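J.: First residue of the sequence shown? That's 0 in numbering that gives the first Met the number 0, and the numbers climb one at a time after it.
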Amino acid sequence: MKQFLRSSLGRGIMLMALGSVALAVLLMALLSVRALHRLGDFSVDISAQGVEDQARRALFGLVRERALRHETLFQNAAATTRSLAERGAYHLEHIDLFGTRGAWGEESFTFHADKGIFSNPDQALVSSVYWGADSIGPATRQRINAVSHLDKSLASAMLTSPGAAAAWLMLDDTVLRYFPNVHLVERMAPRWEFDCRTDPCFLLGTPEHNPTGATRWSDVYQDTVGQGLVVTVATPFYTADGRFQGVTGLDFSLDNMVREVLRDRPADAPDMERPTATRGFGILLARGGSVIALPLDRAADLGLGDAGREQLERGQPLDCKLTQSTEPEVRALAEAMVAGGQGARRVRIAGRVHLAAFHPLRAPGWSLAELVPLDEVLAPVDDTRLALDREVRAIAVSHPFSAVAVTLGSSLLVMWFLVRRLLRPVRSLLEATEAVSRGDLRHVVRMPSDDEFGELGRAFNAMTAELGRNQEHLHEAREKYRSIFESAVEGIYQSTPEGVFLNVNRAMARVLGYENPDELLRAVSGVPTRLFVDPDDRARFYGRLQAEGEVLQFETRLRRKDGGIIWARLGGRAVYGPRGELVYVNGVLEDFTDVKNAREQIRHLSQELMRTQERERGRIARDLHDGVAQTLSSLKIAAGVLFDGHPDASPELRRRAGEFSARLQECIGAVRDMAYDLRPSALDELGLVRTLEQYCREFTERTGIRAQFMAAGMDGVTLAPEAQINLYRLTQEALHNVEKHSGADRAEVRLVASHPWVILSVTDNGRGFDPAAPPGGGRRCMGLRSMEERAGLLGGWLDVSAQPGRGVRIKVQVPTAAGRSLQD
């Protein structure tokens, strides 16, 4: 305790505890009664909420259990009708077997002339009638015999289905078998007044009303044979070839279900029947909100009015719809039930709040609800509230000093706990932190307890151990990096954003002609002036680094120690600080002077080859024009005067001479075209612009593809002959590709001078292609590569833009001075 009081933390805790005790005593004296009252009210409110929640769950569980019980009965009934339908279809499909003799032998029928209906005896198991004709033919007798074998199945279906009032099977050709035997003919109207096949229960299964052949439930109706409210489930049956045969069904009397909904619940009923120990009431709704069952004395409270009460009194509940209630909350409950919802909610009925639980009966499309008054549910809670109020007042008056004593004792206990469980662990952690700050990562915090301080101590020990391992790994990584850095064959460097070297390896020093990295670092103090031949290259390199974060290849000229110039390829990656600022640059340097020289030599040889090729083309063109073309022209002239002085030459001989002269003219034209293609003389006579214009015009006439030419800014621009002939060749190749590959009907050639560049573009509206697709072979790819080489030899570049279905644009950009180096 003394150590506790000597520490500033301990004194602060002591003063805080004493102040808290004094404040607690004062507040307890002033607010104890009010606080206890609030506590009591809160407890009662919680209890009321708990009771209401429990009542909701119990009431919903009861309604759900009843709904699922009825739902199970309905589902079993539907399955029974499907089984009867399958058996009926089977017997009719095998009528040769079952139609020969009925289940009861040769069943006798009596004809009732006043109704036009045949009926079997009253003593039979089922009541069977036929109203299709005035006599029973052999085919009808066969069908009656076949379905008579289902009489026992009809009886079993009704007797094993709780609530079932009748089971029946009606054929489409006016045969009906009905269990129990109520001698149906006495209840039927004459056949000329009413055909049972128009009965809604039979229509449930006819193909016109039930094309899918599904099991259907009827609406609730008043039975004509005195069974009260009835609902029917019906299933059609067909033969294997898809012919409709008839319908089987079960009629269910709803009397028991209605009595269950409307029955009174005495106060001593079991818990399952009386979940809230109150008297409530039930509601059963059909599809559309029609009332099947509802207490008569609740009609007015539920907003049904006098008309609704009168309908219920006359036994016509189905004419009354709860969805038309004048009470908004009752109407909302009815709409939720009709929508197939389930759950429990509060509903205000006649100014009194009720708990309502509801659950759907999905087979017939109904909904069942149970309602109980909420104030009756919460009556025990109100009694508890009064008792708690009396007890709280008694405690507040008789025990204030006990509360003060307990508070003081608790404060002392808290101070002792703080001394034992707070100050000592904090001191131990402080010592461990100081040891780690001195670099002692092996210091271990010992916390014997398993509380949060113990977890903190273990976490601290784990942290120091992890720091130790990370320190070892960092040392290993540094050694590995140093080994790679020193043994790399390429130059590796690290520099500031301003370009001052921080570190370089031996390969870097060797490339730049220095003995070791230290000599290089001492010698190169200003990188832009000492290292880069062109200081602007340094600015461009570091500008790209700051903008892109990484530069893979940057070609520049660097100055060696001995003053020699080398071509180097630089790469770099920017390293950023925690605030996003560029801290330093890591990069590599590669000497590719030999590669650069080899490229220049190849370029020079290619230029020389191009010049030689064009010179040879010109020579051949001149030979063709001056030699072969002239010779052919002399032959044509000679052929034209061949028969001068020979008037007696035959017409056939003259005709052949004329054909020979025409062929010579064609050869002359072909030779001149070849000479023009090899070296267009118009370039020397007309210049590049007019030559390209003339070529586009000839291309349009020859191919039918409209090639439009446009030039801009070319006035006063003088291009070297080699540049002119190469731009002409590029235009030739581009239009050749348009003709052979594009499928276009229009092309556009533009020649624009924009100092210091000349730009040639050829655009078409053809099918285009996908530039990202793997390159194919053939003339097209070779042509594009040849064009790219020509542009490169002129010191320019070629760009191809294409999209499938949107044509191709070829753009060539060469310097205005292009071609002069070819002449030098």
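Each residue gets a CB set at the ideal place from its N, CA and C atoms; glycine is no exception. Just so you know, these numbers come straight off a predicted model, no measurement behind them.
Taking just the CA atoms, how far does Ser633 sit from Arg655?
T.: Reading the sequence shown from its first residue, position 656 is the one you call residue 655. Reading the sequence shown from its first residue, position 634 is the one you call residue 633. Arg655 and Ser633: Cα-Cα distance of roughly 18 Å.
J.: Distance check for Ala102 and His148, CA to CA, integer angstroms please.
T.: Within the sequence shown, numbered from 1, the residue matching residue 148 stands at position 149. Within the sequence shown, numbered from 1, the residue matching residue 102 stands at position 103. Distance between the alpha carbons of His148 and Ala102 is about 5 Å.
J.: Spatial neighbours of Gly782 within its chain, please: C-beta separation below 8 Å, excluding the five flanking residues on both sides.
T.: Here residue 782 corresponds to residue number 783 of the sequence shown, with the count starting at 1. So the list reads Glu732, His735, Asn736, once near-sequence residues are dropped.
J.: Could you please give the first and the last residue of the uninterrupted beta strand (DSSP E) stretch that includes Asp798?
T.: Counting from 1 along the sequence shown, the entry for residue 798 is found at position 799. It spans 796-801 - the beta strand (DSSP E) in which Asp798 sits, taken as one unbroken run.
J.: Kindly confirm or deny that the segment 121-134 and the segment 54-68 touch, where touching means at least three C-beta pairs closer than 8 Å.
T.: Not touching, per the Cβ criterion.
J.: Can you tell me whether Leu501 is helix, strand or coil according to DSSP?
T.: Indexing the sequence shown from 1 puts residue 501 at position 502. Three-state DSSP puts Leu501 in a strand.
J.: Return helix, strand or coil for His182, following the three-state DSSP convention.
T.: Taking the first residue of the sequence shown as 1, we reach residue 182 at position 183. In the structure shown, His182 sits in coil (DSSP, three-state: anything other than H, G, I, E or B).
J.: Which term fits Met507, buried or exposed, when burial requires 16 or more other beta carbons within 10 angstroms of its beta carbon?
T.: Counted from its first residue, the sequence shown places residue 507 at position 508. So Met507 ends up on the buried side.
J.: Using C-beta distances below 6 Å, list every residue in its chain close to Gly806, excluding the 5 sequence neighbours before and after it, in chain order.
T.: The residue labelled residue 806 in the question sits at position 807 within the sequence shown. So the list reads Asp763, Asn764, Gly765, Gly767, once near-sequence residues are dropped.
J.: Looking only at DSSP bridge pairs, what is Asn585 linked to?
T.: Position 586 of the sequence shown, counted from the start, is the residue given in the question as residue 585. Gln493, Arg572.
J.: Return the CA-CA distance between Ile829 and Leu519, expressed in angstroms with no decimal places.
T.: Residue 829 falls outside the range modelled here, since the chain spans only 0 to 823, and no answer is possible.
J.: Look at Leu303 and Ala333 and say whether their C-beta atoms are less than 8 Å apart.
T.: Stepping through the sequence shown from its first residue, residue 303 is reached at position 304. Stepping through the sequence shown from its first residue, residue 333 is reached at position 334. Not closer than 8 Å, so no.
J.: Is Glu92 closer than 8 Å to Gly239 when the C-beta atoms are compared?
T.: Along the sequence shown, one-based indexing puts residue 239 at 240. Along the sequence shown, one-based indexing puts residue 92 at 93. Checking the displayed sequence, the identity of residue 239 turns out to be Ala instead of Gly. Cβ atoms of Ala239 and Glu92: closer than 8 Å.
J.: Roughly how many whole angstroms lie between the Cα atoms of Arg808 and Ser800?
T.: Locating residue 808 in the sequence shown gives position 809, counting from the first residue. Locating residue 800 in the sequence shown gives position 801, counting from the first residue. Taking the straight line joining both Cα atoms gives about 5 Å.
J.: With DSSP collapsed to three states, give me the class of His442.
T.: Position 443 of the sequence shown, counted from the start, is the residue given in the question as residue 442. Under the three-state reduction of DSSP, His442 is assigned to coil, being neither helix nor strand.
J.: Does the distance from the CB of Val594 to the CB of Leu557 come in under 8 Å?
T.: Working through the sequence shown from its first residue, we reach residue 594 at position 595. Working through the sequence shown from its first residue, we reach residue 557 at position 558. Contact: no.
J.: Rounded to whole angstroms, what is the Cα-Cα separation between Ala54 and Leu370?
T.: As a first step, residue 54 must be located in the sequence shown, where it is residue number 55. As a first step, residue 370 must be located in the sequence shown, where it is residue number 371. The alpha-carbon atoms of Ala54 and Leu370 are separated by roughly 11 Å.
J.: As a quick exercise: from Ala706, Ser482, Asp643, Gly791, pick the residue whose alpha carbon is nearest that of Glu599.
T.: Indexing the sequence shown from 1 puts residue 599 at position 600. Check the Cα spacing between Glu599 and each of Ala706, Ser482, Asp643, Gly791: the tightest is with Gly791.
J.: Between Leu652 and Ile667, what straight-line distance do the alpha-carbon atoms span, to the nearest angstrom?
T.: The count along the sequence shown starts at 1 and reaches residue 652 at position 653. The count along the sequence shown starts at 1 and reaches residue 667 at position 668. Looking at the two C-alpha atoms, the distance is approximately 23 Å.
J.: Taking 8 Å as the cut-off, decide whether the C-beta atoms of Gln244 and Gly87 are in contact.
T.: Locating residue 244 in the sequence shown gives position 245, counting from the first residue. Locating residue 87 in the sequence shown gives position 88, counting from the first residue. Result yes, Cβ atoms of Gln244 and Gly87 sit closer than 8 Å.
J.: Please list the segments of the beta strand (DSSP E) lying wholly inside the segment 121-204, counting only runs of 3 or more residues, in order along the chain.
T.: 126-129, 163-170, 174-178
J.: Just how far apart, CA to CA, sit Val510 and Arg481?
T.: Taking the sequence shown and counting its residues from 1, the one referred to as residue 510 is at position 511. Taking the sequence shown and counting its residues from 1, the one referred to as residue 481 is at position 482. Cα to Cα, the separation comes out at about 19 Å.
J.: Return yes when the Cβ of Val584 is within less than 8 Å of the Cβ of Gly570, no when it is not.
T.: Taking the sequence shown and counting its residues from 1, one reaches residue 570 at position 571. Taking the sequence shown and counting its residues from 1, one reaches residue 584 at position 585. Note that the C-beta distance between Gly570 and Val584 is not below 8 Å.
J.: Look up Val260 in the DSSP assignment and say whether it is helix, strand or coil.
T.: Counted from its first residue, the sequence shown places residue 260 at position 261. Reduced to three states, the DSSP call for Val260 is helix.
J.: Closest to Arg784 by CA distance: which of Ala771, Asp798, Ser126 is it?
T.: Residue 784 sits at position 785 when you count from the first residue of the sequence shown. Minimum Cα distance to Arg784 is reached at Asp798.
J.: Helix, strand or coil: how does DSSP classify Val435 here?
T.: Your numbering for residue 435 matches position 436 in the sequence shown. Val435: helix per DSSP, three-state reduction.
J.: What separation, rounded to the nearest whole angstrom, lies between the Cα atoms of Ile564 and Ile491?
T.: Indexing the sequence shown from 1 puts residue 564 at position 565. Indexing the sequence shown from 1 puts residue 491 at position 492. Near 19 Å, if we compare the C-alpha coordinates of Ile491 and Ile564.
J.: Using the three-state DSSP reduction, which class does Val807 fall into: helix, strand or coil?
T.: By one-based count along the sequence shown, residue 807 stands at place 808. Here Val807 sits in strand by DSSP.
J.: I need the boundaries of the alpha helix (DSSP H) containing Val329, first residue and last residue.
T.: Walking along the sequence shown from the start, residue 329 turns up at place 330. Start and end: 327-337.
J.: Name the DSSP bridge partner or partners of Ala102?
T.: As a working note, residue 102 is residue 103 in the sequence shown. Its beta-bridge partners are Gly104.
J.: Among the candidates Phe659, Leu367, Gly586, Asp113, whose CA atom is the shortest distance from the CA of Glu185?
T.: Position 186 of the sequence shown, counting from 1, holds the residue named residue 185. Of Phe659, Leu367, Gly586, Asp113, the residue nearest in Cα terms is Asp113.
J.: The beta strand (DSSP E) with Ala233 in it runs from where to where?
T.: The count along the sequence shown starts at 1 and reaches residue 233 at position 234. Element bounds for Ala233: 228-237.
J.: What is the residue span of the alpha helix (DSSP H) that Arg696 lies within?
T.: Looking up residue 696 in the sequence shown gives position 697. Arg696: member of the alpha helix (DSSP H) spanning 687-702, first to last residue.
J.: Under the three-state reduction of DSSP, which class applies to Thr322: helix, strand or coil?
T.: The sequence position of residue 322 within the sequence shown is 323, counting from 1. Correct three-state label for Thr322: helix.
J.: If Thr322 sits next to Gly288, beta carbons under 8 Å apart, how far is it from one beta carbon to the other, in whole angstroms?
T.: Walking along the sequence shown from the start, residue 322 turns up at place 323. Walking along the sequence shown from the start, residue 288 turns up at place 289. Yes, they are in contact, since the Cβ atoms of Thr322 and Gly288 sit about 3 Å apart, within 8 Å.
J.: Give the C-beta separation of Leu228 and Ala156 to the nearest angstrom, bearing in mind that I take them to be a contact with Cβ-Cβ under 8 Å.
T.: Locating residue 228 in the sequence shown gives position 229, where the first residue counts as 1. Locating residue 156 in the sequence shown gives position 157, where the first residue counts as 1. Not quite, the Cβ-Cβ distance comes to about 21 Å (not below 8 Å), so this is no contact.
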